[in-house]
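Numbering (the UniProt record's numbering), first residue to last: 1 to 459.
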């Protein structure tokens, strides 16, 4: 077992390094064609011309035969008006369009795209935070300042131009339902249904306002909690023509390290689910602390959520816990169609530098996993948590706009996580007002509102 360098805890051993150029190319092209669908004959033709008409230089110099998590510094080039880091490249123009429909791509798009999309950095790094997560502060996205730029999509655009020159055929990006240019996936992690009263009650008690404390305590037992609001959340989202996906947390005991799980029993959800489902809501699993490393526990929790609602297709791990050396295998073994955990808790943007759903890379088999990852782009807690961005309310939407513009540009999916407790009207930081502003923007840019099932079927 390897020991993480931040907290001294054991983490699983990494698989032996050594991912062949052929495996990298297959993985990268799988996702390129996902972005720019083309007829099978065109794909076969292009892949047959790799190294002939279409020459992509290899500058990795044995990097993928080792276990180093971080590559040499990137070279920066402008593409589509944006300054983009290109890893594993040489000086000179990105690509040369040569006579006779030949192209020389000087940027090693295969190595660079594989490095970011596969999550190589977090797989081979031993850095983990207090929740066992690969930390944003250790990432190349933070080091070089491109977390809100889907760099792999820019690499793919360079490749698109090269392929169009070689084949003489235009490649068009994937469209979403209703011929929409991009999509939005609106989700809610259901951690708490019965705890809205606690913070004001504790504050009243600390300040000696015993009457106020008593009122809060009385309301807790006599009135519906403000956070027990799933129907209201669903109705709010539906008001924008969107669908809610509820990630339901089946475990209500604290984790071994004291981290809280749910404050409710699944029977509470079960009683509400028929009406929510009739209104178009989707149920998914919010797997508890520790489950990212425990297949049996993950299967048990999936079965529990399925019994309370419907058999779930997707999941997201509580606290965005994800152990890159073992969790993808567990998700695949458990039979989920999709996961939506992979985002940085500390910053909005693109953890794998890609704005579309993708198939995580399995370092044990050297190929793509079977389940779809729908990356998490923006979480309400990220925007205001004292350890995260601490944005003022008026700063939230302006801060997100450059990221959203990138998703629109490349026809991606914007995955939003807004916890049900942050629909509480007393929240003036990352609450309903900020959610409404974001939803109005998504609607104004004609996003196709989808849920996890829609995305799986569409992909």
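No residue lacks a Cβ here, since even glycine has one placed at the ideal position from N, Cα and C.
So residue i is in the beta strand (DSSP E); what residue range does that whole segment cover?
i           : result
residue 316 : 314-317
residue 55  : 54-56
residue 417 : 413-417
residue 467 : There is no way to answer for residue 467, as the model of the chain reaches only from 1 to 459.
residue 246 : 245-248
residue 75  : 75-79
residue 284 : 282-287
In its own chain, which residues sit with a C-beta less than 6 Å from the C-beta of residue i, not counting the 5 before and 5 after it?
i           : result
residue 102 : 53
residue 273 : 309
residue 242 : 186 and 449
residue 154 : 79 and 84
Could you say which of the options lies nearest to residue i if we only look at CA atoms?
i           : options               : result
residue 370 : 419, 314, 388 and 286 : 314
residue 268 : 248, 284, 285 and 381 : 248
residue 429 : 411, 397, 458 and 447 : 397
residue 322 : 332, 305 and 342      : 342
residue 331 : 351, 293 and 416      : 293
residue 124 : 160, 167, 189 and 14  : 14
residue 377 : 418, 360 and 364      : 418
residue 360 : 258, 113 and 246      : 113
I believe residue i touches residue j by the beta-carbon criterion, under 8 Å. Please report the beta-carbon distance rounded to the nearest angstrom.
i           : j           : result
residue 355 : residue 289 : About 29 Å separates the two Cβ atoms, so there is no contact after all.
residue 17  : residue 65  : 6 Å
residue 56  : residue 129 : Residue 56 to residue 129, Cβ: 36 Å. No contact.
residue 27  : residue 111 : Not confirmed; about 11 Å, so no contact.
For residue i, which three-state DSSP category applies?
i           : result
residue 129 : coil
residue 204 : Note on residue 204: pLDDT 49, under 50, position unreliable in the model; the coordinate value appears next. It is helical.
residue 404 : helix
residue 443 : helix
residue 95  : strand
residue 457 : helix
residue 103 : strand
residue 188 : strand
residue 22  : helix
residue 380 : helix
residue 363 : coil
Cutting at 7 Å between CB atoms, please list the residues of its own chain near residue i, excluding the five before and the five after it.
i           : result
residue 121 : 69, 70, 139 and 140
residue 170 : 164
residue 456 : 313, 337, 338 and 372
residue 334 : 295, 298, 299 and 302
Among residues of its own chain, excluding the 5 on either side of residue i, which ones have a beta-carbon nearer than 8 Å to its beta-carbon?
i           : result
residue 255 : 261, 288, 289 and 290
residue 93  : 106
By the DSSP assignment, the alpha helix (DSSP H) with residue i in it spans what residues?
i           : result
residue 82  : Unbroken run through residue 82 is the beta strand (DSSP E), 82-86; no alpha helix (DSSP H).
residue 273 : 266-278
residue 462 : The question about residue 462 has no answer here: the residues shown for the chain are numbered 1 through 459.
residue 165 : 151-167
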